[in-house]
Each structure stands twice: as C-alpha cells, then as structure tokens.
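Protein chains: 2
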Amino acid sequence: MLSIGDVADQSGVPASALRYYEKEGLLPPAERKGGQRRYSPDILFRIRVIKMAQQAGFQVNEILTLLEGFDSNVPPSERWREMAQKKRMELEEKQRELVLMQEVLDRGLRCTCLSWDECFLNVSLDGTCDRGGEKGADRHPVVFSRRYR
Amino acid sequence: MLSIGDVADQSGVPASALRYYEKEGLLPPAERKGGQRRYSPDILFRIRVIKMAQQAGFQVNEILTLLEGFDSNVPPSERWREMAQKKRMELEEKQRELVLMQEVLDRGLRCTCLSWDECFLNVSLDGTCDRGGEKGADRHPVVFSRRYR
DNA sequence: ATAAAACTTAAAGTTCACTTTAAGTCAAGG
DNA sequence: CCTTGACTTAAAGTGAACTTTAAGTTTTAT
Numbered sequence: 001m002l003s004i005g006d007v008a009d010q011s012g013v014p015a016s017a018l019r020y021y022e023k024e025g026l027l028p029p030a031e032r033k034g035g036q037r038r039y040s041p042d043i044l045f046r047i048r049v050i051k052m053a054q055q056a057g058f059q060v061n062e063i064l065t066l067l068e069g070f071d072s073n074v075p076p077s078e079r080w081r082e083m084a085q086k087k088r089m090e091l092e093e094k095q096r097e098l099v100l101m102q103e104v105l106d107r108g109l110r111c112t113c114l115s116w117d118e119c120f121l122n123v124s125l126d127g128t129c130d131r132g133g134e135k136g137a138d139r140h141p142v143v144f145s146r147r148y149r
Numbered sequence: 001m002l003s004i005g006d007v008a009d010q011s012g013v014p015a016s017a018l019r020y021y022e023k024e025g026l027l028p029p030a031e032r033k034g035g036q037r038r039y040s041p042d043i044l045f046r047i048r049v050i051k052m053a054q055q056a057g058f059q060v061n062e063i064l065t066l067l068e069g070f071d072s073n074v075p076p077s078e079r080w081r082e083m084a085q086k087k088r089m090e091l092e093e094k095q096r097e098l099v100l101m102q103e104v105l106d107r108g109l110r111c112t113c114l115s116w117d118e119c120f121l122n123v124s125l126d127g128t129c130d131r132g133g134e135k136g137a138d139r140h141p142v143v144f145s146r147r148y149r
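Residue numbers (UniProt numbering), protein chains in the order written: chain A, 1 to 149; chain B, 1 to 149.
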C-alpha cells in the first residue's frame, strides 16, 4: 500500500492535487490507516487516465461524468454515450486545430525572409506572406507582421 | 471598417474578450472613431490564429511571444525559434494524449458488457476489462469500474 | 432632434483548478 | 520513547482568462 507521498512521486501529481481530486470525487475515498491515506498501486492507472483526459481538454466535472456519470448497472448509459459522442467530436476538432497550429509553427521555423519588413503586405488565408511571388511558401506567416507591433 | 460588435459576431469571440485581448497586447490598439474601436476585416484572421493557438493549449502570454516576442528585424529570432521548437514538441505530445483519449472513449462506446459488475476484476494497462477472455476487447474499460463509485 | 442601441472605461467579480497556510496528528527509525 | 518527517483538515489564497457592473459617451435610425 502506498502513502499519498508515494503516489505523488510515482504519478507526478502533487499530494495537494490528489486530495483535491478525492474531494471532487475524481478519486475514490482512500482507505485510511490512522487517518492517513493508503492506496493500492491500481490508483496509478486511474490517475493516468485523469491526466490523459485533462491533456485532452476535459474539465474536472466532465472527467467525473466520464468516470462515474451513470447510475444504471447496464452498460454505458445513454447519458454517458451522449457525452462520449459529443466529446469525441470535440477531440476531432481539437486535433484539426492542433495540426493547423503545428503548420503555423513549422512555417515560422522554416521562414527565410531576411527582414520582417519584407513580410507585411499580403494577407492570404493560409497565413503566408506572398509578396514577391518567388518562394512565397517560405516567407513569414503574416500573423507575425510588423503592422501589429 | 467593423465595430467591435461586428467583429464579435463574425469571429464568435465576445466583445469583452476582444477588449481584454487588446489590453493584454494580443490585439493591436484599434483605430478609434469618436472613441469607439474600428477594425479592418484583416483582424478576423488574427483572431482565428489566436483561437487556434488557444485550442492548441497556448496561454495568453505564450501567444504573445508567438505573435510578437521578438525585437530584431531579422527573421524568427532565436528566442522565437526556441519557443516554437519547445511548443512543437508539446503539441506532438498533446496529440498522442488526444489519440489515447479517443481510444478510451471509443472502447466505452463499443462496450458490450451486460452490467458493470461483469467488469471489475482485471486491470490491464491498456484499460480493458478482460475477465472471461472471450471478447475482452469489447468490455468496459476498467477505469469505469464499480469499485470507484 | 431625439431616443434606443451600441459603445467606452476602470474596477470589481467569477470560475476553474489547484496551492498554501495554520494548527495539529501520526508513524517510522534510532 | 522520542524526535523528525510525513501526514491530516478546513479555509483562505492564487493565477489565468475572462465577465460583469456602473456610469457615462457616441452612433444610428427615425
């Protein structure tokens, strides 16, 4: 059995956060030994899922629904399914945004403009600066133009 | 030229947030007509990028660095490049978590267990319940087990 | 010309997800 | 047995990202 400090060390989640999760219902009330929490190592898997969901943009109350938002003892309740479906679509949208953002970063990293001043005339929807027309794709993204400094 | 209300409508970002962004430097100080903000439609592209970066998990001050965190007039400063490199790696990590999370949701949505009680004995690292052994992959993910209700 | 709708600011308030603090209790090692 | 370090709680504090409020000004439509 692990103390809260052990779990904190092994999961990378501070003890204060673990107590907070317990209070919010994200973690089950831990067994106690003389008032102190004792965890089975299983808890680490649950914490992993909580962290994963957080990275994916779930709020605490959403993770709660995800984990225990059903009362029936039949498989995934309608409520759960609805939430999961909705969330799945949100995740897909978020992935698209993530990829777009990576492309913006990559464009910036590959940029070969010699000065910002070269880069502030044309705004195109894909975010590149296409003034001269020669190697437009490798110019600064216009978002970074001097106009806004 | 667009009023702040127009921009709010067209971008989906509340006027109060737009004012906040201006105060924080995310948006350039807008031109004024009798004290009221007037925007060129170009601003919508910038707002799109801000939203994109937010979806991707950038904080406001990070977006600030992204947009104007360089002083030189040579292409992407070292500072910018460092930040972009770091962020790119974070984005990749986040994508992996997103995919994992989708898989957890999908497993839940595909689950065919007849009751939660069927699903609370085995914990495996991939998060599936594999008691009987027949169609293990389609059981409730163990995260959702009764143990924690 | 005037009334309604939309805008302005500064400052205070809100929500989320924790963290910190204070005062005290427990447990593990020597 | 005793000290030290880890733990306990409740409550207050924090930082991020806005939103709301209040009091006033400007624009727009009739």
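We put the CB at the ideal spot given by N, CA and C, even for glycine.
Source: prediction; values computed, not measured.
Cutoff 7 Å; reference residue i; Cβ partners in own chain excluding five residues on either side
i, result
"residue 10 of chain B", "44"
"residue 15 of chain A", "4, 5, 8"
"residue 36 of chain A", "3"
"residue 18 of chain B", "4, 7, 8, 27"
"residue 47 of chain B", "11, 13"
"residue 20 of chain B", "none"
Cutoff 8 Å; reference residue i; Cβ partners in own chain excluding five residues on either side
i, result
"residue 29 of chain A", "22"
"residue 64 of chain A", "24, 25, 26"
"residue 58 of chain A", "66, 87"
Local conformation of residue i per DSSP, three classes
i, result
"residue 3 of chain B", "coil"
"residue 36 of chain B", "strand"
"residue 27 of chain B", "coil"
"residue 59 of chain A", "coil"
"residue 20 of chain B", "helix"
Cβ shell of residue i (< 6 Å), same chain only, five flanking positions each side left out
i, result
"residue 31 of chain B", "38"
"residue 62 of chain B", "none"
"residue 1 of chain B", "38"
"residue 53 of chain B", "63"
Cutoff 8 Å: residue i Cβ touching any chain B Cβ
i, result
"residue 108 of chain A", "yes"
"residue 49 of chain A", "yes"
"residue 1 of chain A", "no"
"residue 194 of chain A", "Absent from the structure is residue 194 of chain A, since the part of chain A shown begins at 1 and ends at 149."
"residue 94 of chain A", "yes"
"residue 8 of chain A", "no"
"residue 100 of chain A", "yes"
"residue 79 of chain A", "no"
"residue 55 of chain A", "yes"
"residue 104 of chain A", "yes"
"residue 82 of chain A", "no"
Bounding residues of the alpha helix (DSSP H) (the contiguous stretch that carries residue i)
i, result
"residue 53 of chain A", "43-55"
"residue 104 of chain A", "78-110"
Within-8 Å CB hit, residue i to chain A
i, result
"residue 91 of chain B", "yes"
"residue 17 of chain B", "no"
"residue 122 of chain B", "Only weak support is given to the placement of residue 122 of chain B: the predicted model assigns it a pLDDT of 35, under 50, and the value that follows is read from those uncertain coordinates. No, residue 122 of chain B does not count as interfacial toward chain A."
"residue 87 of chain B", "yes"
"residue 44 of chain B", "no"
"residue 32 of chain B", "no"
"residue 22 of chain B", "no"
Practice problem: Would you be able to state if there are at least three C-beta pairs under 8 Å between the segment 102-110 of chain B and the segment 79-96 of chain A? | Solution: The segment 79-96 of chain A, when compared against the segment 102-110 of chain B, does touch it at the 8 Å Cβ threshold.
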